[in-house]
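> The structure's right below; bear with me while I get my questions together.
This is how it looks when you write it as structure tokens:
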């Protein structure tokens, strides 16, 4: 399993390849020095590839928010049930009950997303969980 930072590096390199960009071009676009770009893209001596720089890169390159966080894998049913349980637990903390009809609708909605070509990305799932828990 790869970490979020590894996924961000891999996805950034993939985007640079697809656009035919050099690390120098990339550095100019994101307004960072070549040494930083080199460390950011390196697997052997990397610097931290956190949330702030990931969103900065997406913004500078006019990419969809969260695209650097995406995994090659689509959501599985186990993850969907995890999301549903987290949503239900968050509602229970607020003394709100997810009735069986609401739960059925939530399961249907998440399952539709999972089976469609627009299956939610890891970033979207984390956002759904965050929105309901916080």
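Numbering (the working numbering), first residue to last: 23 to 156. Glycine included, every Cβ here is placed at the ideal spot set by N, Cα and C. Quick caveat: nothing in here was measured; it's all calculated off a predicted structure.
#1: Just the Cα atoms here: how many angstroms apart are residue 78 and residue 66?
#2: According to DSSP, is residue 23 part of a helix, a strand, or is it coil?
#3: Counting pairs of Cβ atoms below 8 Å between the region 82 to 95 and the region 30 to 46, do you hit three or more?
#4: Using only alpha-carbon positions, find the residue among 117, 110 and 116 that is nearest to residue 123.
#5: Are residue 56 and residue 68 close, meaning C-beta to C-beta below 9 Å?
#6: On the premise that residue 51 lies in contact with residue 83, defined as a C-beta separation below 8 Å, what is that separation, rounded to the nearest angstrom?
#7: Below 8 Å on the Cβ atoms is my guess for residue 71 versus residue 27; work out the distance and round it to an integer in Å.
#8: If you check the beta carbons only, do residue 38 and residue 63 fall under 9 Å apart?
#9: CB-CB under 8 Å to residue 80, same chain, minus the five flanking residues each way: which ones, in chain order?
#10: The alpha helix (DSSP H) with residue 82 in it runs from where to where?
#11: With DSSP as the reference, label residue 108 as helix, strand or coil.
#12: Rounded to whole angstroms, what's the CA-CA distance from residue 53 to residue 25? Just pull it up for me.
#13: Could you give the distance in angstroms between the alpha-carbon of residue 75 and the alpha-carbon of residue 103?
#14: I need the straight-line Cα distance from residue 117 to residue 73, nearest angstrom please.
With the given structure in hand:
#1: 23 Å
#2: For residue 23, the predicted structure reports a pLDDT of 40, less than 50, and the residue's modelled location is therefore unreliable. The matter cannot be settled from this model.
#3: yes
#4: 110
#5: no
#6: 6 Å
#7: 4 Å
#8: yes
#9: 86, 87, 88, 89 and 90
#10: 73 to 82
#11: helix
#12: 25 Å
#13: 31 Å
#14: 32 Å
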